[in-house]
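Sequential numbering of the sequence shown, starting at 1, is according to UniProt numbering.
A virtual CB, placed ideally from N, CA and C, is assigned to each residue, including glycine.
Everything numeric in this text was worked out from a predicted model, so none of it was measured.
Data block below; observations after.
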Amino acid sequence: RYFIGLREAEMSSTLSVCMLSSDEDEKENENTNVVDDDNEGNSSSVEESADEDDASDAYNLEEPENNGEVKSVEDTDSEAETAELTIDVPDSKLIQANLVVSEAKTFSELGLSRWVCEQLRQLSVKLPTPVQANCIPHILAGSDVLGCAKTGTGKTLAFALPILNQLAVDPFGIYALVLTPTRELAFQIAEQFVALGARIGLKTTVIVGGRDQVEQAKNLARRPHIVVATPGRLADHISSEPEGIAKLFKKMHFLVLDEADRLLDGQYGEQLKTIFSALSTKRQTLLFSATINSALNHLQQVSVRKPYLYEDKSGVATVDRLDQKYVLCPNAVKDAYLVYVVKNFHQNRPDSSILIFSHTCRECQALAIMFTGLGFQVGSLHSQISQQERLSSLIRFRCGRIRILICTDVAARGLDIPHVDLVVSHNVPRSPKTYVHRVGRSARAGRFGGAITFVTQYDITLLHEVEKLVGKKLDRLNVPDKKVRYKSVLRYL
1 RYFIGLREAE
11 MSSTLSVCML
21 SSDEDEKENE
31 NTNVVDDDNE
41 GNSSSVEESA
51 DEDDASDAYN
61 LEEPENNGEV
71 KSVEDTDSEA
81 ETAELTIDVP
91 DSKLIQANLV
101 VSEAKTFSEL
111 GLSRWVCEQL
121 RQLSVKLPTP
131 VQANCIPHIL
141 AGSDVLGCAK
151 TGTGKTLAFA
161 LPILNQLAVD
171 PFGIYALVLT
181 PTRELAFQIA
191 EQFVALGARI
201 GLKTTVIVGG
211 RDQVEQAKNL
221 ARRPHIVVAT
231 PGRLADHISS
241 EPEGIAKLFK
251 KMHFLVLDEA
261 DRLLDGQYGE
271 QLKTIFSALS
281 TKRQTLLFSA
291 TINSALNHLQ
301 QVSVRKPYLY
311 EDKSGVATVD
321 RLDQKYVLCP
331 NAVKDAYLVY
341 VVKNFHQNRP
351 DSSILIFSHT
361 CRECQALAIM
371 FTGLGFQVGS
381 LHSQISQQER
391 LSSLIRFRCG
401 RIRILICTDV
411 AARGLDIPHV
421 DLVVSHNVPR
431 SPKTYVHRVG
441 RSARAGRFGG
451 AITFVTQYDI
461 TLLHEVEKLV
471 GKKLDRLNVP
481 DKKVRYKSVL
491 RYL
């Protein structure tokens, strides 16, 4: 473990040197939550159903004592009695995977073909979620749709199912283009299409940065049914071959913008203009996002007809099954508090998965080195490592080979990782919407989950903005100062 730590530290140092050589990259990473332009990464995970009443156990972050019995923690430095260091998240393996829809509708009642319903049954997807029940009929009817729903509520299937349903009638040429802001999300969406379209011999291709551009051009020339792409790389293909690649999209039926608020925030303006110029004006446009304001403001530039608007009526940006707390600590020793919380959570739940979000690539790499040096098996995911390394870390985390993944907001959008038990924000995001997307990696598809945000003396205003957006006050998680081991962490700072 020691030599593995040294080796990873050496590799990380090389990355850091490369990062420091570019003032422009450093400025981008330090001053914005968006660390990756074209290089970032909702699928509906298929989980086995179980009785919700059995989910009575709660996670606890306290050090195990007396055969696992949790005791109250008293802070000797304060007269106030501190709360027990727990987070109320029942065992995710005991939670029913599919959300129950208020309307008694099945997928067949939504107008989907028999083969689609049979494929869903084989994948153990039984009932449509509200966003699916409301959007699918309108998509099948030919309307443009703007769907806004909480993270983890099945937005991917809301557009994938009707597209496949219509594709089976006339499977010719490039039928649908799905644009996403991140690479990892593009691969994830493509996987969902492949699983759902296995019965009809569906052909898909993923066009993202970090891959061979010539090979991608060959794949596009084969006219796959579904193209999932990030804007930057696809715009490069269209610009380089306006008489070749661009013509492939002229008869396309569907344009989907997943995470539409991010795609339409202005960062991808030129790339989207290039892409839209190559698309058919008769297309059907579908926009999906967890937040709706930005998408509404830019709707006219992508929709060619009056759209159907679906918005989650709860008015809360996060799901009820997510237990959200914050830790108030001094900025100088924040990392020591982070290690204490993660260590105790992991000791009590060794099979749990923890996702840690940091603000910059440099901070992400530093945390990875620190946790590795302290004996944790962790992976890292940010825009300054290769696409192969990013996918490798994500796959190892998904299959349980590593239990802790440290990442930037490149992983905050749309990624559906089964059983993320705890999402930790090393800092309060500057944009409250980023917080919503971060914590949305947990408590997905009806499961329970937890989220802990570390707040310093400089972040109080940002915390209030987050609470205003999610519509609730976050509970404070008190950490006893005397149990935090500062010296073991400070040597890595």
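Contacting residues, own chain, Cβ-Cβ under 7 Å from residue i (five flanking each side not counted)
i: Leu110; result: Pro128, Ala133, Ile136 and Pro137
i: Thr205; result: Asn219, Leu220, Pro224 and Val227
i: Ala260; result: Leu287, Phe288, Ser289 and Ala295
i: Phe193; result: Ala160, Leu202, Thr204 and Ile226
i: Leu234; result: Ile207 and Ile275
6 Å Cβ shell around residue i - same chain, five flanking residues per side excluded
i: Ile163; result: Ala176 and Phe254
i: Gly379; result: Ser393, Arg396, Phe397, Ile402 and Leu405
i: Tyr308; result: His138, Ser143 and Val145
i: Lys473; result: Glu467
i: Ile245; result: Leu220, His237 and Ile238
i: Gly68; result: With a pLDDT of only 38 at Gly68, under the threshold of 50, the placement of this residue in the model should not be trusted, and no figure is reported.
i: Leu140; result: Gly111 and Pro162
i: His359; result: Asn427
i: Arg222; result: none
N- and C-terminal bounds of the beta strand (DSSP E) containing residue i
i: Ile226; result: Ile226 to Ala229
i: Ile395; result: Careful: Ile395 lies outside any beta strand (DSSP E), inside the alpha helix (DSSP H) at Gln387 to Arg398.
i: Lys343; result: From DSSP, Lys343 is part of no beta strand (DSSP E) but of the alpha helix (DSSP H) over Lys334 to Asn348.
i: Val327; result: Leu322 to Leu328
i: Glu311; result: Tyr308 to Glu311
i: Leu355; result: Ile354 to Phe357
Start and end residues, alpha helix (DSSP H) containing residue i
i: Gly152; result: No alpha helix (DSSP H) holds Gly152; DSSP gives it neither H nor E.
i: Gly373; result: Cys361 to Gly373
i: Leu463; result: Ile460 to Val470
i: Glu215; result: Gln213 to Ala221
i: Gln377; result: Premise fails: Gln377 is in no alpha helix (DSSP H) and is neither H nor E.
i: Val410; result: Where Val410 is concerned, there is no enclosing alpha helix (DSSP H), given that its DSSP letter is neither H nor E.
Cβ-based burial, residue i [other Cβ within 10 Å; buried from 16]
i: Glu363; result: buried
i: Cys399; result: exposed
i: Phe172; result: exposed
i: Ile189; result: buried
i: Arg121; result: exposed
i: Arg305; result: exposed
i: Gln213; result: exposed
i: Pro429; result: buried
i: Lys325; result: buried
i: Ala158; result: buried
i: Asp258; result: buried
i: Ile385; result: buried
i: Glu215; result: exposed
i: Lys247; result: exposed
i: Asp459; result: buried
i: Lys150; result: buried
i: Gly471; result: exposed
i: Asp351; result: exposed
i: Thr156; result: buried
i: Ala186; result: buried
i: Thr461; result: exposed
i: Ser353; result: buried
i: Ser108; result: exposed
i: Glu243; result: exposed
i: Asn331; result: exposed
i: Ala409; result: Reading the sequence as shown, one finds Asp at residue 409 and not Ala. Buried, because 16 or more other Cβ atoms sit within 10 Å of the Cβ of Asp409.
i: Gln388; result: exposed
i: Ser383; result: buried
i: Ser124; result: exposed
Contact test: residue i Cβ vs the ligand NAP heavy atom, cutoff 7 Å
i: Phe187; result: This structure lacks the ligand NAP, and indeed carries no ligand of any kind.
Contacts around residue i, its chain only, beta-carbon distance under 8 Å, and the 5 residues preceding and following it disregarded
i: Arg476; result: Ala83, Lys325, Tyr326, Val327 and Leu328
Neighbour flag for residue i against chain D, beta carbons, 8 Å
i: Lys105; result: Annotation note: the requested chain D is absent from the structure, which comprises a single protein chain.
Task: Continuous alpha helix (DSSP H) assignments of at least 4 residues falling wholly in the segment 166-206 - done: 183-196
TODO: Spell out a yes or no on whether the segment 334-344 and the segment 474-486 are touching, meaning 3 or more CB-CB pairs, one atom from each, closer than 8 Å.
DONE: yes
Open item on the list: Assess contact between the segment 237-253 and the segment 277-286, defined as three or more Cβ pairs (one per stretch) separated by less than 8 Å. Is contact present?
Closed with: yes
Open item on the list: Quick check for students: name the residue ranges of the beta strand (DSSP E) that lie wholly in the segment 252-286, counting only runs of 3 or more.
Closed with: 254-258
Open item on the list: Please give the ranges of any alpha helix (DSSP H) in the UniProt domain "DEAD-box RNA helicase Q" (105-133), keeping only runs that are unbroken, at least 4 residues long and fully inside the region.
Closed with: 114-122
TODO: Enumerate, from N- to C-terminal direction, the unbroken beta strand (DSSP E) stretches of 3 or more residues contained entirely within the segment 417-457.
DONE: 422-425 and 449-455
Open item on the list: Would the segment 144-153 count as touching the segment 112-120 if we require 3 or more Cβ pairs under 8 Å?
Closed with: no
- [ ] Decide if the segment 195-215 is in contact with the segment 272-281; the criterion is three or more beta carbon pairs, one per stretch, under 8 Å apart.
- [x] no
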